[in-house]
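Visitor: Dropping the structure in here first, questions after.
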Amino acid sequence: MKQKTTSKTTYHIPVGPIHPALKEPVFFEFELDGEKIVDVDVKLGHVHRAVEWASRKRNPIQILYLAERICGICSYCHPAAFGLAIEDAAGIEAPERAEYLRVIQGELERICSHLLWAGVAAHEIGFDTVLYLTWQVREKALDLTEYLTGNRVTKGIFMIGGIRRDITKDMIPRIQKDLKYFKDIFGKLKKVFLDDKTVKLRSQGAGILTYDNALKLCAVGPTTRASGVKKDVRVDTSYFAYGDLDIDYITPDVLTGEVNGDVYDRIIQRLLEVKQSIDLIEQCIDKMPSGDIVAEPKLAKLLSQLKKVEGEGIGVHEAPRGEVYHYIKMDGNEAPFTWKVRAPTYNNILPWIPMLLGEQIADIPIVAASTDPCMSCTNRVGIVKDGNKYELSKEELHKLSVEKTRRLMK
Amino acid sequence: MAKEKLLTPEELVKSFKDEFKTKIIDAKIKERAAGKKKNVTKSIWMKVNPSVFKDVVKHLIKLQFPHLAVASGNDLGKTIEIIYHFTVNFGTRMKVINLCISVEVPKTKPELETISDIIPGALITEREKAEMLGVKIKGIPDDRRCFVPEDFPEGVYPWRRDKTGPEKYYKNLHEVKK
């Protein structure tokens, strides 16, 4: 690590490679003046697993399952984007029914992911009861996922040119029952998160990302939309069945009439998106046509077709955290020549810098968590002061954050 | 963005061709339909001469500030190809164009100008291309490594497919460990 020169009034604290917010490795180096953050540096790559490189020895169907293991929370969006990329390169079109089923799976994943995030955010500012409440709701969403796909997390549902499991008529009452439960509890969650005085004190005006910064730093997903940039792949483009559905951009001003781009706006953003997802699933169930669910059910035939493909393709999907972008180049071999994966957090790293500048140490967990970063895990923070090294554990950093909430509540 | 004028893919390609003439080596428009209504999303794949690459991006910003999704890269033997994936027209229902601008630089002199001064969000992806493909990004404000560990040997580029690639490191892992 390269120590930057410090002036007399400032000092450095390195945070990481263990993540202060979610337990995933990323390395921050903060320059502080008292409690105030004056400079931030981010270092990445602690969990670089060379997944793209590993794809050079696999055929496209094997890569679907490799892609699924890039992320544990959005285990649908990576195979989806990879599938779209290879369909683009090979010119395969999925049957109409499959396109609707793909939307249902994508939106269900968004509900799970946003609820998970809401619980983590509550935990970061010291409201563990709210964590249990939101995760109880998430448990229902996971049960529904298990009912529809057979698994809770790694679902293995996506297939090139379609999807692997149909939703039959007898499954629909169960889905509707669960959607009704989400809608009923939504009002309660909204009240807990948006009307609570202490949540407002901690989140309003904290970690501001301006419209210009969001645009110039190429932020994606709820992070950029909470700053007022209307960018949502589901609305922007026509893929899966999103082109047929009634969907519009959501920005926090829908609810409050203004965009501040702070942590509070990012909470609003994700809660509204949960509601939007429920609505989209309902629309899909209503409008879903009957028919096949996969373009080519025989895998050997599909593989021999893909083997002949020469060309490039891109796949873009709106994951819970934002746009996920895959590029693929096929050169007539079994394995792809190049596969490039761009996860949403990749673009949401640079926006952290303007968000964290001017904030306090106790705000690091909630501000960093507010972009819903997705990397992998850790548990230790070191402080270097006057050449001596002190260690500050994740628990202590969390304690600082909780203490700030308690101070504000007094 | 919605405030600015929306562009059609044909206009976009024509605008580039008028401005840069033969320096635009190739440009093709691809369409993909989806769903019951078969609404179409268009992509432009454009290959430009590296000498005008930065001007092409500047020209694009003049038309509309794009979103840079990522840059991907291929080792093509004698040359290294870098493809910048832009998105334009976002903010309007189903009007987005995926604009993929590719540049090929020779392996003997793999140099490309930075665009992170005009699109600050390009920094991480440019740093990644520099460490993974060994392309020198001229004028980049931060040339440290990004994803590759600090003790990784110099002059080895994980995405290369020749002798500067990572071959010997994964074939003889026991020797690397020593």
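Each protein sequence line maps, in turn, to chains A and B.
Count along the first sequence from 1, then add 393; that gives the number in the numbering used here.
Count along the second sequence from 1, then add 73; that gives the number in the numbering used here.
The beta carbon of each residue, even a glycine, is placed where N, CA and C say it ideally should be.
Bear in mind the structure is a predicted one, so any value in this text is a computation, not a measurement.
1. Quick one: grab the DSSP three-state call for A/Phe586.
2. For B/Ile197, tell me which candidate among B/Thr160, B/Leu206, B/Asp216 and B/Gly212 has the shortest Cα-Cα distance.
3. Quick one: Cα of B/Val130 to Cα of A/Thr542, how far?
4. Using DSSP bridges, identify the partner residues of B/Pro179.
5. Please list the segments of the beta strand (DSSP E) lying wholly inside the stretch 201–230 of chain B, counting only runs of 3 or more residues, in order along the chain.
6. If you compare alpha carbons, which of A/Ser794, A/Asp426 and A/Ile671 is closest to A/Asp577?
7. Please confirm whether A/His441 has its beta-carbon closer than 8 Å to some beta-carbon of chain B.
8. Between which two residues does the alpha helix (DSSP H) holding A/Met748 run?
9. For A/Asp571 versus A/Lys533, is the C-beta spacing smaller than 8 Å?
10. Using a Cβ-Cβ cutoff of less than 6 Å, which residues in the same chain neighbour A/Glu424 once the five nearest sequence positions on both sides are dropped?
11. Note the first and the last residue of the continuous beta strand (DSSP E) segment covering A/His405.
12. A/Leu790: which of A/Pro472, A/His516 and A/Arg503 sits nearest, CA to CA?
13. Going by C-alpha distance, which of A/Thr630, A/Ile759 and A/Val435 is nearest B/Ala106?
14. Taking Cβ positions, are B/Leu185 and B/Pro123 nearer each other than 8 Å?
15. Look at the Cβ atom of B/Pro82, then the Cβ atom of B/Ile134, and state whether they are nearer than 8 Å.
16. In the DSSP assignment, find the beta strand (DSSP E) that holds B/Glu184 and state where it starts and stops.
17. Considering A/Lys624, what are the terminal residues of the beta strand (DSSP E) in which it resides?
18. Can you tell me which residues form a DSSP beta bridge with A/Met723?
19. Would you check if there are 3 or more beta carbon pairs closer than 8 Å linking the stretch 718–737 of chain A to the stretch 488–501 of chain A?
20. Using a Cβ-Cβ cut-off of 8 Å (strictly less than) and excluding sequence neighbours within five positions of B/Met205, which residues of its own chain qualify?
21. Between the beta-carbon of B/His140 and the beta-carbon of A/Lys624, is there less than 8 Å?
22. Using a 10 Å radius around the Cβ and a threshold of 16 neighbouring Cβ atoms, would you call A/Ser794 buried or exposed?
23. So with Cβ pairs under 8 Å, would you call B/Leu172 a contact of chain A?
24. Who are B/His158's beta bridge partners in DSSP?
25. Which residues mark the beginning and the end of the beta strand (DSSP E) in which A/Leu425 is found?
26. The stretch 649–670 of chain A: which residues have C-beta closer than 8 Å to a C-beta of chain B, in chain order?
27. Using C-beta distances below 7 Å, list every residue in its chain close to B/Gly194, excluding the 5 sequence neighbours before and after it, in chain order.
28. Can you tell me whether A/Pro737 is buried or exposed? The criterion is at least 16 other CB atoms within 10 Å of its CB, across all chains shown.
29. In angstroms, rounded to a whole number, what distance separates the CA positions of A/Val592 and A/Phe633?
30. Checking contacts by CB at 8 Å: is A/Asn741 closer than that to chain B?
31. Using DSSP bridges, identify the partner residues of B/Ser116.
32. What alpha helix (DSSP H) runs, 4 residues minimum, are completely inside the stretch 508–589 of chain A?
33. Leaving aside the five residues before and after A/Lys668 along the sequence, list all residues of the same chain whose C-beta is less than 7 Å from its C-beta, in chain order.
34. Please state whether DSSP places A/Asp679 in a helix, a strand or coil.
35. Quick check for students: name the residue ranges of the alpha helix (DSSP H) that lie wholly in the stretch 445–510 of chain A, counting only runs of 4 or more.
36. Mind checking whether A/Asp655 and A/Ser596 have CB atoms under 8 Å apart?
Guide: According to the structure shown:
1. The residue labelled residue 586 of chain A in the question sits at position 193 within the first sequence. Of the three classes helix, strand and coil, the one that applies to A/Phe586 here is helix, per DSSP.
2. Your numbering for residue 197 of chain B matches position 124 in the second sequence. The option with the nearest alpha carbon to B/Ile197 is B/Asp216.
3. For the purposes of this step, residue 130 of chain B is identified with residue 57 of the second sequence, where counting begins at 1. For the purposes of this step, residue 542 of chain A is identified with residue 149 of the first sequence, where counting begins at 1. Cα-Cα distance, rounded: 44 Å.
4. For this step, residue 179 of chain B is matched to residue 106 along the second sequence. DSSP output for B/Pro179 lists B/Thr152 as bridge partner(s).
5. 209–211
6. On the first sequence, residue 577 of chain A is found 184 positions in, with the first residue counted as 1. Cα-wise, what sits closest to A/Asp577 is A/Ile671.
7. What you label residue 441 of chain A is simply residue 48 of the first sequence in a count that begins at 1. Taking Cβ atoms only, chain B reaches closer than 8 Å to A/His441, which makes this a yes.
8. As a position in the first sequence, residue 748 of chain A is number 355, starting the count at 1. Here the alpha helix (DSSP H) through A/Met748 covers Trp745 to Leu749.
9. The residue given as residue 571 of chain A occupies position 178 in the first sequence. The residue given as residue 533 of chain A occupies position 140 in the first sequence. Yes, the Cβ-Cβ distance between A/Asp571 and A/Lys533 is below 8 Å.
10. By 1-based counting over the first sequence, the position of residue 424 of chain A is 31. Thr403, His405, Val431 and Asp432.
11. Counting from one through the first sequence, the residue named residue 405 of chain A turns up at place 12. Here the beta strand (DSSP E) through A/His405 covers Thr403 to Val408.
12. By one-based count along the first sequence, residue 790 of chain A stands at place 397. Minimum Cα distance to A/Leu790 is reached at A/His516.
13. Position 33 of the second sequence, counting from 1, holds the residue named residue 106 of chain B. Nearest C-alpha to B/Ala106: A/Thr630.
14. Counted from its first residue, the second sequence places residue 185 of chain B at position 112. Counted from its first residue, the second sequence places residue 123 of chain B at position 50. Closer than 8 Å, so yes.
15. Here residue 82 of chain B refers to the residue found at position 9 when the second sequence is read from its first residue. Here residue 134 of chain B refers to the residue found at position 61 when the second sequence is read from its first residue. No, these two residues do not count as a Cβ contact at 8 Å.
16. By one-based count along the second sequence, residue 184 of chain B stands at place 111. Counting along the chain, the beta strand (DSSP E) containing B/Glu184 begins and ends at Glu184 to Glu186.
17. On the first sequence, position 231 is the one that residue 624 of chain A refers to. No beta strand (DSSP E) contains A/Lys624, which DSSP labels as neither H nor E.
18. Taking the first residue of the first sequence as 1, we reach residue 723 of chain A at position 330. Answer by DSSP bridge pairing, in chain order: A/Gly704.
19. no
20. Position 132 of the second sequence, counted from the start, is the residue given in the question as residue 205 of chain B. Cβ within range, chain order: Gly146, Phe220, Val221, Tyr230, Pro231 and Trp232.
21. In the second sequence, counting from the first residue as 1, residue 140 of chain B sits at position 67. In the first sequence, counting from the first residue as 1, residue 624 of chain A sits at position 231. Yes, the Cβ-Cβ distance between B/His140 and A/Lys624 is below 8 Å.
22. In the first sequence, residue 794 of chain A corresponds to position 401, counting from 1. A/Ser794 is buried by the Cβ-count criterion.
23. Taking the first residue of the second sequence as position 1, residue 172 of chain B is located at position 99. No, no contact with chain A.
24. Within the second sequence, residue 158 of chain B is the residue found at index 85, counting from 1. DSSP lists B/Val143 and B/Cys173 as partners of B/His158.
25. Taking the first residue of the first sequence as position 1, residue 425 of chain A is located at position 32. Run containing A/Leu425: Phe420 to Asp426, per the beta strand (DSSP E) assignment.
26. none
27. For the purposes of this step, residue 194 of chain B is identified with residue 121 of the second sequence, where counting begins at 1. Closer than 7 Å at the Cβ level, and outside the excluded window around B/Gly194, lie Leu141.
28. Residue mapping note: residue 737 of chain A aligns to position 344 of the first sequence, counting from 1. So A/Pro737 ends up on the buried side.
29. Taking the first sequence and counting its residues from 1, one reaches residue 592 of chain A at position 199. Taking the first sequence and counting its residues from 1, one reaches residue 633 of chain A at position 240. About 37 Å.
30. Numbered from its first residue, the first sequence carries residue 741 of chain A at position 348. With 8 Å as the cut-off, A/Asn741 does not count as an interface residue toward chain B.
31. Translated into the one-based positions of the second sequence, residue 116 of chain B becomes position 43. Partner(s): B/Lys103 and B/Asn171.
32. 521–542 and 565–587
33. Position 275 of the first sequence, counted from the first residue, corresponds to residue 668 of chain A. Closer than 7 Å at Cβ, skipping near neighbours: Phe579.
34. Taking the first residue of the first sequence as position 1, residue 679 of chain A is located at position 286. Note: A/Asp679 maps to helix in three-state DSSP.
35. 453–461 and 470–483
36. Counting from 1 along the first sequence, the entry for residue 655 of chain A is found at position 262. Counting from 1 along the first sequence, the entry for residue 596 of chain A is found at position 203. Yes, Cβ-Cβ distance for A/Asp655 and A/Ser596 is below 8 Å.
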